[in-house]
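Chains as they are written, first to last, in our numbering: chain U, 84 to 587; chain C, 1185 to 1323. Don't be surprised by glycine CBs; every beta carbon is placed ideally from N, CA and C. Step one of this worksheet: look at the structure below.
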Amino acid sequence: MDIAAGLIQGFAVALQPANLLWCFVGVLLGTVVGIMPGLGPPATIAMLLPLTALMNPAGAMIMLAGIYYGAKYGGSTTSILLNVPGESASVVTCLDGYAMARKGRAGPALGIAAIASFIAGTVGVLGLMLVAPPLARFALAFSAPEYFALMAFGLSMVVLLAGRSMAKALLAMLVGLWIAGIGTDLFTSTSRFTFGRMELLSGIDFVVVAIGIFAIGEVLANLEAREEPQLLPVPKGLRNLLPTMQDLRDCRFAFAQGSIIGFLIGVLPGAGSTIASFISYGVEKAFSRRREEFGTGVIEGVAAPEGANNSETGGALVPLLTLGIPGSGTTAILLAALVLWGFKPGPLFISENPNLFWGLVASMYIGNVMLLILNLPLVPLFAQVLRTPVYVLYPLILGVSIVGIYGSSGSLFDLMLLAGFGLLGYLMRKLDYPSAPLILGVVLGGAMERALRQSLMMSEGSLSILVSRPISALMLSFALLILLIPLFSRLNTWRVRALEQKDS
Amino acid sequence: MRRRSPDFWSGLALAALGGYIVVQARGWDYLTEDGPGPGFFPLWYGLGIVACSAYLVFFGKDSPSDWRGAGRALATWAALAVSVAVLKWVGFALSFAALTFFIVAVMYRRPPVVAALVALGVVAGFYLVFPLALGVALP
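So this is what it looks like as structure tokens:
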């Protein structure tokens, strides 16, 4: 199927009234979630995952993806008005966005964030549409050794970019592999790490781990502070939110480079939108005629990172939908959602489920338009979300997590596990262990072990099969090189500096 | 005695987990006639955990970590764990209302009347949305 025909078919799916409604619900929820500091898209998607079991998969995927990219739009509002990023990808927007708001230019800052998000988000979807089908066709040649190598490569990238300490990131990933290994071994029916509990024979549900680590862990971390930040005044009226023609001219390069950098970084497993926004900000500053003014309220300093973090979404869906390899915590949960609904993300996904793939692509075009409309005139209304008392919000998150888990499994034992993983998520934050490698380890662990064992069955136990096939050898070499980066001091200094900037 | 860093203790705990995984994995077949057995993969990631955690124990930095406020978080977690543990006997309404009351009244120091109203409102909201509107059972 060619791209034009696929897109027409996709719009036929996305424009169905029910799917339009789910798209709207997704982007609306995403905007709200993005605005709220302390509640990110992975936590929200994980919490809603059990409820989507009742929905049509196309509608559910459209809604969850809407939350994913909608949160990127909403995140900028909190950065600009509160100097607190609504989600991690908007950290860098605080620098110039909040400075603009303090100078009385909150309106144009919010407006340019929405416009940049729209332009780059649309470019990201265009990239997804053009790159995903040929990549999927190329990946059809992959067999078990290539899959194992690909997963090893993806995990090594995540480990490289997820934490300041490689040892901690590796440990998080290995513990994720262990959690994935709990239960009955499908090849030999041996029970592994079940501690004599019948409930663990079928393994630990990924949703329990994801909600515990992200939602409960996040609530516990946020509960440490009793004070709530103060909100700057929100400009009212569309006219006060629109940037001037000069502002738009100043942002031309930011729109273009943010879109391209965001998409390319999104395709790379592990990099994620936070890194995309920092790189785009750095590039904008490097090429700007007024680079010394960055940080004092320069409008390009808002447009570039906001563009990049929205374009990244389209890029991040490429490896997920074509190879079945997620590159971040959120895409790992989307992968789990696809598996939960009975799909097998990988090279055959697009050809076997054209309605779902093209429907998702088309819905993202529609969703971006909805988000532009929602985020320009309705920003003052959304900002009111920030006035919700946290002592109401946090019990609600805990309650939805409990009901979501019980609703999907009906098991009180899973609720105990949820509490346990919540504590683990909190401790990981406190001890500076990144959670993305753990989640990816849990999601990919089963498939990785299966791929490795199938490869070794093919070669009658010889590990040489992993290096004798060119694609597999290439990817394993890259994975090894990536893991050796800490030994090269200059490269490691760059890596650590980038991650420290991200956290500051 | 010198005060150990959090990295040292977390590394030690993970080393114990890695050791447990290795011991368990050695009890299962490493290789079978059909290929790798159930002990193959766990043995390698178990050894990986032991190696990385040993690195943290011996070479981990004394990174300062801020534990102010951890008491609030851990107290809330304990309240959550208790409310989940008693769900079976007292039901969702009572256990979740008590958890909400605790968070509002104790953690955020709001007056008991406000805490009671929030607890009642949240529980009522859950009943309206989940069993009534969505048909999803509450624990």
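Status (buried if at least 16 other CB within 10 Å, exposed otherwise) for residue i
i           : result
Glu-281(U)  : Reading off the sequence shown, one finds Met at residue 281(U), where the question assumed Glu. Exposed is the call here.
Ala-1197(C) : exposed
Lys-251(U)  : buried
Ala-255(U)  : buried
Arg-536(U)  : buried
Val-1274(C) : exposed
Ala-97(U)   : buried
Ser-547(U)  : exposed
Asp-333(U)  : buried
Leu-1316(C) : exposed
Gln-340(U)  : buried
Met-240(U)  : buried
Glu-375(U)  : exposed
Ile-456(U)  : exposed
Ser-248(U)  : buried
Arg-188(U)  : buried
Arg-309(U)  : exposed
Lys-155(U)  : buried
Trp-261(U)  : buried
Endpoints, the alpha helix (DSSP H) within which residue i is located
i           : result
Trp-1273(C) : 1271-1285
Glu-395(U)  : 383-406
Lys-513(U)  : 495-513
Gly-207(U)  : 189-222
Phe-297(U)  : No alpha helix (DSSP H) contains Phe-297(U), which DSSP labels as neither H nor E.
Tyr-1229(C) : 1224-1243
Met-183(U)  : 176-185
Arg-332(U)  : 328-333
Trp-261(U)  : 249-264
Phe-1314(C) : Note, Phe-1314(C): premise wrong, no alpha helix (DSSP H); not H, not E.
Asp-1191(C) : 1190-1210
Glu-532(U)  : 518-541
Met-146(U)  : 140-165
Phe-276(U)  : Element bounds for Phe-276(U): n/a, residue is neither H nor E.
Met-119(U)  : Unbroken run through Met-119(U): none, as it is neither H nor E.
Asn-451(U)  : 437-458
Pro-318(U)  : That residue, Pro-318(U), is in no alpha helix (DSSP H); it is neither H nor E in DSSP.
Gly-1253(C) : Counting along the chain, Gly-1253(C) falls outside any alpha helix (DSSP H), and DSSP gives it neither H nor E.
Any non-hydrogen atom of the ligand ADP within 7 Å of residue i CB
i          : result
Leu-233(U) : For the ligand ADP, the structure offers nothing, since it holds no ligand at all.
Candidates the options: closest to residue i by CA position
i           : options                                            : result
Arg-512(U)  : Asn-305(U), Phe-426(U), Ala-502(U)                 : Asn-305(U)
Thr-413(U)  : Ala-466(U), Gly-153(U), Leu-431(U), Phe-201(U)     : Gly-153(U)
Gly-1305(C) : Ile-1233(C), Thr-1284(C), Gly-1232(C), Ala-1199(C) : Thr-1284(C)
Ala-399(U)  : Gly-210(U), Ile-198(U), Pro-133(U)                 : Gly-210(U)
Ala-1257(C) : Val-1320(C), Tyr-1204(C), Val-1290(C), Thr-1216(C) : Val-1290(C)
Gly-1223(C) : Leu-103(U), Gly-158(U), Gly-490(U), Phe-270(U)     : Phe-270(U)
Ala-95(U)   : Val-468(U), Val-208(U), Tyr-448(U), Leu-431(U)     : Tyr-448(U)
Glu-395(U)  : Phe-201(U), Asn-166(U), Met-183(U)                 : Phe-201(U)
Pro-216(U)  : Leu-431(U), Leu-521(U), Tyr-477(U), Leu-527(U)     : Leu-431(U)
Gly-264(U)  : Asp-1191(C), Ala-1200(C), Ile-1205(C), Ala-1199(C) : Ile-1205(C)
Gly-300(U)  : Asp-85(U), Ala-339(U), Val-108(U), Thr-127(U)      : Thr-127(U)
Leu-506(U)  : Leu-1301(C), Val-1266(C), Trp-1261(C)              : Trp-1261(C)
Ile-150(U)  : Leu-469(U), Ile-262(U), Leu-454(U), Leu-564(U)     : Leu-454(U)
Trp-1193(C) : Ser-1237(C), Tyr-1229(C), Phe-1225(C)              : Ser-1237(C)
Pro-326(U)  : Val-385(U), Met-499(U), Ala-172(U)                 : Val-385(U)
Integer Cβ distance of residue i from residue j, believed to fall under 8 Å
i           : j           : result
Leu-403(U)  : Leu-417(U)  : 6 Å
Leu-1231(C) : Gly-1195(C) : In fact, because the Cβ distance is near 15 Å, the residues do not count as touching under 8 Å.
Leu-90(U)   : Met-212(U)  : 7 Å
Leu-284(U)  : Thr-273(U)  : Leu-284(U) to Thr-273(U), Cβ: 11 Å. No contact.
Ile-198(U)  : Met-183(U)  : Not a contact, Cβ separation roughly 14 Å.
Met-594(U)  : Ser-411(U)  : An answer regarding residue 594(U) cannot be provided, because it is not within the stretch 84 to 587 covered by chain U.
Phe-1280(C) : Val-1307(C) : 6 Å
Ser-363(U)  : Ala-391(U)  : 3 Å
> What residues from the segment 270-294 of chain U come within 8 Å of chain C, judged by C-beta to C-beta, listed N to C?
Replying inline: Taking 8 Å as the Cβ-Cβ cut-off against chain C, the residues of the segment 270-294 of chain U that qualify are Phe-270, Thr-271, Thr-273, Arg-275, Phe-276.
>> What are the residues in the segment 379-395 of chain U lying within 7 Å of chain C by C-beta distance?
In response: Those would be none; no residue qualifies.
> Going along the segment 472-490 of chain U in order, which residues come within less than 7 Å of chain C, judged by CB to CB distance?
Replying inline: So the list reads Tyr-474, Val-475, Tyr-477, Pro-478, Leu-479, Leu-481, Gly-482, Ile-485, Val-486, Tyr-489, Gly-490, given in the order they occur along the chain.
> Going along the chain, which residues of the segment 526-542 of chain U sit with their C-beta nearer than 7 Å to a C-beta in chain C?
Replying inline: Among the residues of the segment 526-542 of chain U, those with a Cβ less than 7 Å away from any Cβ of chain C are Glu-532, Leu-535, Arg-536, Leu-539, Met-540, in the order of the chain.
>> If the cut-off is 8 Å on Cβ atoms, which residues from the segment 1224-1242 of chain C count as contacting chain U, listed in chain order?
In response: Under the 8 Å Cβ criterion, the segment 1224-1242 of chain C contributes Phe-1224, Phe-1225, Pro-1226, Tyr-1229, Gly-1230, Gly-1232, Ile-1233, Cys-1236, Ser-1237, Tyr-1239, Leu-1240.
> Can you list, in chain order, the residues of the segment 405-433 of chain U whose Cβ is nearer than 8 Å to any Cβ on chain C?
Replying inline: Answer in chain order: no residues at all.
> Quick one, which residues of the segment 228-241 of chain U are near chain C if we go by CB-CB under 9 Å, in chain order?
Replying inline: Under the 9 Å Cβ criterion, the segment 228-241 of chain U contributes no residue.
>> Please list, in chain order, the residues of the segment 491-506 of chain U that have any C-beta partner in chain C closer than 8 Å.
In response: Of all residues in the segment 491-506 of chain U, only Gly-493, Leu-495, Leu-498, Met-499, Leu-501, Ala-502, Gly-505, Leu-506 come within less than 8 Å of chain C when Cβ atoms are compared, listed by chain position.
>> Closer than 7 Å between beta carbons: that is the criterion. Which residues of the segment 1295-1316 of chain C meet it against chain U?
In response: Within the segment 1295-1316 of chain C, the qualifying residues are Val-1302, Val-1306, Phe-1310, Phe-1314.
>> Short of 9 Å Cβ to Cβ, which residues in the segment 1199-1213 of chain C face chain U?
In response: Taking 9 Å as the Cβ-Cβ cut-off against chain U, the residues of the segment 1199-1213 of chain C that qualify are Leu-1201, Gly-1202, Tyr-1204, Ile-1205, Gln-1208, Ala-1209, Trp-1212, Asp-1213.
> What residues from the segment 98-117 of chain U come within 9 Å of chain C, judged by C-beta to C-beta, listed N to C?
Replying inline: Against chain C - using a Cβ distance shorter than 9 Å - the segment 98-117 of chain U contributes no residues.
> Looking at chain C, which residues of the segment 297-310 of chain U have a Cβ within less than 9 Å of any of its Cβ atoms?
Replying inline: Going along the segment 297-310 of chain U in chain order, one finds Ile-299, Val-302, Leu-303, Ala-304, Asn-305, Leu-306, Glu-307, Ala-308, Arg-309 with a Cβ nearer than 9 Å to chain C.
> In the segment 444-472 of chain U, which residues sit with their C-beta less than 9 Å from some C-beta in chain C, listed in chain order?
Replying inline: Legend: CB atoms of the segment 444-472 of chain U lying less than 9 Å from CB atoms of chain C belong to residues Pro-472.
> Between the segment 1260-1275 of chain C and chain U, which residues of the former have a C-beta closer than 8 Å to a C-beta of the latter?
Replying inline: From the segment 1260-1275 of chain C, only Thr-1260, Trp-1261, Leu-1264, Ala-1265, Val-1268, Ala-1269, Leu-1271, Lys-1272 have a Cβ closer than 8 Å to chain U.
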